[in-house]
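Only one structure is covered here, and it is reproduced in the block below.
Residue numbers (the working numbering): 9 to 404.
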C-alpha cells in the first residue's frame with residue numbers, strides 16, 4: 009500500500025504525480041479499470057489517460073481480478089462495468105460493495121446501461137459514501153466521468169442526473185419526500201459534489217452524506233411499497249436482457265475502442281471528409297498455405313496474427329476498420345483526430361513486421377508454418393463516418 013505523505017496541506021500517496029488545473033496543483037488519480045470487453049476497456053483507458061488527470065494502474069476482465077488488483081495496488085478509485093463474467097448479472101455492484109466494506113479508502117464508479125433506479129438503489133442500499141452510479145453514455149464526456157472519480161475518491165457520492173430525474177418524476181410525489189429532500193435530489197441531479205451541496209445547503213459534508221443516505225432509503229422504501237408489480241415485471245425482463253447483453257458483448261469485441269465509446273454513448277460521428285492514413289496488411293500466399301495446413305492449426309495461427317496486428321494498431325491510437333479474411337484494414341486520423349497520423353501509421357507498419365517476425369520465430373520452434381506479411385500504407389483525403397441503415401458501421 010502507498011505510504012501517505014503530506015504536501016501543502018494535502019495528503020498524497022508516495023510517488024503520486026501531479027498536474028495543474030487553473031494554475032493550481034492537482035493529484036493524478038490512480039484507477040483500476042474493470043471491464044470484460046478488451047476493446048472497450050482499451051478505449052476507456054485511452055480516454056481517461058489522455059486527460060492527464062487519471063493513471064490507469066490496473067486492468068481487470070472480471071470482478072475477482074479487480075478485487076485482487078485493489079488489494080495489491082491500493083488505488084484511489086475503481087471504475088467498473090455493472091455486468092461482468094461469469095454470469096453477467098450484477099458483478100459490478102457486488103464488487104463495489106465489497107471494496108467499500110473492506111477497503112473504504114477506495115471509491116467506486118459503477119457504469120451501467122440501465123436507467124432503472126432499482127439498480128442505483130441496489131448500489132446505495134447500505135451507504136452512498138464513496139460510490140457513483142453513472143450511465144455508460146457519460147463515457148463520451150471525460151469531464152463528467154473524471155469528476156465522478158474525484159468525488160468518490162474523497163468519499164462523496166454521484167448519481168447520474170438521468171437517474172435522479174426518473175426518481176423524482178416517478179416516486180417523489182407518492183412518497184414521504186420533503187421539499188428539502190427534493191432540493192437535495194435536484195442538487196445531485198446537477199452533478200454537484202458533497203462540498204458544493206454542503207455550501208448550498210449551509211451544512212457540513214458529513215451531514216450531506218447522512219441526508220443522501222436517508223433520502224435514498226426513503227425512496228427505496230416507497231418503491232417497494234408502491235411498485236411491487238412493476239419491479240416483478242422488470243426482474244422478468246432483466247433475465248432476457250442479460251442473455252441479449254451476453255451476445256452483444258461478443259459482437260462488440262470487433263469494435264475499435266474509439267467507436268466502442270461512440271456506440272456506448274450513441275454518438276457515432278457524422279460522415280466528414282478528412283485527411284487520414286490507411287494501412288492494409290496481407291498474408292502472402294495465404295490461400296496456398298491454408299490448403300496445405302490443418303484447418304485448426306490455421307485458425308490458431310490466423311487468430312494470433314490478427315490479435316497481434318490489432319494490438320499494435322490500438323497502441324498507436326489507430327482504429328481497426330475491418331478484417332478482410334487474413335487482411336487487416338486500419339485507419340489513423342479518424343475517428344480520433346491525430347495530426348501525425350502518417351507517422352503513426354508508418355511506425356505501426358514497422359512494428360507489425362517486427363511482431364510477425366517474432367511470431368514466425370516461435371512458430372518455427374513449434375513446427376508451424378510462418379506468415380510472410382506485406383503492408384501497404386497510403387495517406388489522402390477520405391470520407392469517414394457511420395454508414396448503413398438499421399445496422400450502422402463506422403468506416404472510411
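Even for Gly, the Cβ is constructed at its ideal location relative to N, Cα and C.
- A contact is defined here as three or more CB-CB pairs under 8 angstroms, and the region 131 to 138 fails this definition with respect to the region 150 to 157.
- In the three-state DSSP reduction, residue 372 falls in the helix class (H, G or I).
- If you draw a 10 Å sphere on the C-beta of residue 308, you find fewer than 16 other C-beta atoms in it, and that means exposed.
- In this chain, the alpha helix (DSSP H) harbouring residue 100 covers 99 to 110.
- Of the candidates 213, 187, 121 and 223, the residue whose Cα lies closest to the Cα of residue 90 is 121.
- Taking 7 angstroms as the cut-off, the beta carbon of residue 332 is found no closer than this to the beta carbon of residue 360.
- The beta carbon of residue 310 is closer than 7 angstroms to those of 334 in its chain, skipping five residues each way along the sequence.
- Relative to the Cα of residue 391, the nearest Cα in the group 378, 286, 290 and 126 belongs to 286.
- Residue state for residue 390 is assigned as strand, using DSSP reduced to three classes.
- The alpha-carbon separation between residue 291 and residue 161 amounts to approximately 48 angstroms.
- Excluding residues up to 5 positions away in sequence, 290 and 292 lie with their Cβ nearer than 6 angstroms to the Cβ of residue 382 in the same chain.
- Pairing residue 192 with residue 223 gives a Cβ-Cβ distance under 7 angstroms.
- Nearest to residue 159 by C-alpha distance, out of 393, 338 and 84, is 84.
- Relative to the Cα of residue 346, the nearest Cα in the group 362, 220, 282 and 369 belongs to 282.
- One thing to note: residue 81 has its Cβ within 7 angstroms of the Cβ of residue 66.
- Relative to residue 353, the option among 322, 189, 187 and 53 whose CA is nearest is 322.
- Going by beta carbons, residue 351 and residue 338 fall outside the 7 angstroms limit.
- For residue 62, the enclosing beta strand (DSSP E) begins and ends at 62 to 68.
- Under the three-state reduction of DSSP, residue 38 is assigned to strand.
- In this model, residue 303 and residue 137 are separated by some 55 angstroms (Cα to Cα).
- Relative to the Cα of residue 60, the nearest Cα in the group 218, 39, 187 and 49 belongs to 39.
- Spanning the alpha carbons of residue 298 and residue 41 requires a straight line of approximately 39 angstroms.
- Cβ-Cβ distances below 6 angstroms link residue 318 to 328 in the same chain, with the five nearest sequence neighbours on each side left out; the list follows chain order.
- Bridge pairing for residue 281: 391 [DSSP].
- Looking at the DSSP output, residue 292 bridges to 380.
- Inclusion of residue 36 and residue 73 in the CB contact set at 7 angstroms is not warranted, their separation being larger than that value.
- In this structure, DSSP gives residue 221 a helical state, which the three-state scheme calls helix.
- Counting along the chain, the unbroken beta strand (DSSP E) around residue 86 starts and ends at 85 to 89.
- If the five residues before and after residue 372 are omitted, its C-beta is found closer than 8 angstroms to the C-beta atoms of 378, all from its own chain and listed in chain order.
- Remark: C-beta atoms of residue 105 and residue 142 do not approach each other more closely than 7 angstroms.
- Residue 88 places its beta carbon 7 angstroms or farther from that of residue 98.
- Within the region 140 to 167, the runs of alpha helix (DSSP H) that reach at least 4 residues and sit entirely inside it are, in chain order, 150 to 161.
- About 20 angstroms separates the beta carbons of residue 127 and residue 164, which is beyond the 8 angstroms limit, so they are not a contact pair.
- Counted as a single uninterrupted DSSP element, the stretch harbouring residue 92 is not any alpha helix (DSSP H), since DSSP gives it neither H nor E.
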